[in-house]
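Novice:
In our numbering, the protein residues as written are 979 to 1165.
(1) How many whole angstroms separate the CB atoms of residue 1109 and residue 1036, which I take to be in contact at a CB cut-off of 8 Å?
(2) Using CA atoms only, rank isn't needed, just tell me which of 989, 1163, 1048, 987 is closest to residue 1102.
(3) What is the DSSP secondary structure of residue 1043, reduced to helix, strand or coil?
(4) Is the CB-CB distance between residue 1132 and residue 1165 below 8 Å?
(5) Using 8 Å as the threshold, is the C-beta distance between residue 1038 and residue 1016 below it?
(6) Please go through the same chain and pick out, in chain order, the residues whose beta-carbon is closer than 6 Å to the beta-carbon of residue 997, but skip the five residues on each side of it.
(7) For a test of the three-state rule: what should DSSP assign to residue 1098, helix, strand or coil?
(8) Which partner residues of residue 1155 appear in the DSSP bridge assignment?
(9) From the DSSP output, which residues share a beta bridge with residue 1160?
(10) Ordered along the chain, which non-local residues of its own chain (more than five positions away) have a Cβ less than 6 Å from that of residue 1167?
(11) Within the same chain, show all residues whose beta-carbon is closer than 6 Å to that of residue 1026, passing over the 5 residues directly before and after it, in chain order.
Here it is in structure tokens:
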């Protein structure tokens, strides 16, 4: 079952999101001790003004166990710079983020999928596809959906292509190279 995330989901959201933050070597995760980082991010997830807040998420919840097995997080691309400044303020006392807000991940004309993650034990079950297909149902036809796919992840790129995404260009942030991919929501 796919549903909007709720505040009570925040611990489960964190457990999934940290997988991505580890892969991308998110600066605060690298420089802070794990408990300080977790506490700061839990607070961040609960603050509805922040980029990674729970209201920007939809979750895939297993019917039989109630466990959250995946999530998709996104927002209008033109909000990215505002969100990034808030992240810099949030972590300002704890770590140096360098050029964090100078590197754009999204495009202004798209609804940007910032995170798509599935629990390792639930991969291969179609959860990521279901979450992306759900986005088609909540956006009006003609909306551009965008995401970034790590160049070293050909399986993800193949999945996104099957779901209608096309490579538009390349972007580098947090020391990693990505394909920027987009699709237009059809009627």
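Ideal Cβ positions, reconstructed from N, Cα and C, are used throughout, including at glycine.
Specialist: So, from the listed chains and residues:
(1) Translated into positions along the chain shown, residue 1109 becomes position 131. Translated into positions along the chain shown, residue 1036 becomes position 58. So it is a contact: roughly 7 Å between Cβ atoms.
(2) Indexing the chain shown from 1 puts residue 1102 at position 124. Minimum Cα distance to residue 1102 is reached at 1048.
(3) Locating residue 1043 in the chain shown gives position 65, where the first residue counts as 1. Looking at residue 1043 - three-state DSSP - the assignment turns out to be coil, as it is neither helix nor strand.
(4) Numbered from its first residue, the chain shown carries residue 1132 at position 154. Numbered from its first residue, the chain shown carries residue 1165 at position 187. It is not a contact, given that the beta carbons lie outside the stated cut-off.
(5) For the purposes of this step, residue 1038 is taken as the residue at position 60 of the chain shown. For the purposes of this step, residue 1016 is taken as the residue at position 38 of the chain shown. No, Cβ-Cβ distance for residue 1038 and residue 1016 is not below 8 Å.
(6) In the chain shown, the residue the question calls residue 997 occupies position 19. 1095.
(7) To locate residue 1098, count along the chain shown from 1; it is residue 120. Helix.
(8) The residue given as residue 1155 occupies position 177 in the chain shown. DSSP, once it has assigned bridges, lists 1150 as partnering residue 1155.
(9) To locate residue 1160, count along the chain shown from 1; it is residue 182. Note: residue 1160 sits in a beta bridge opposite 1124, 1144.
(10) This structure gives no information on residue 1167, because the portion of the chain shown stretches from 979 to 1165.
(11) What you label residue 1026 is simply residue 48 of the chain shown in a count that begins at 1. Answer for residue 1026: 1033, listed in chain order.
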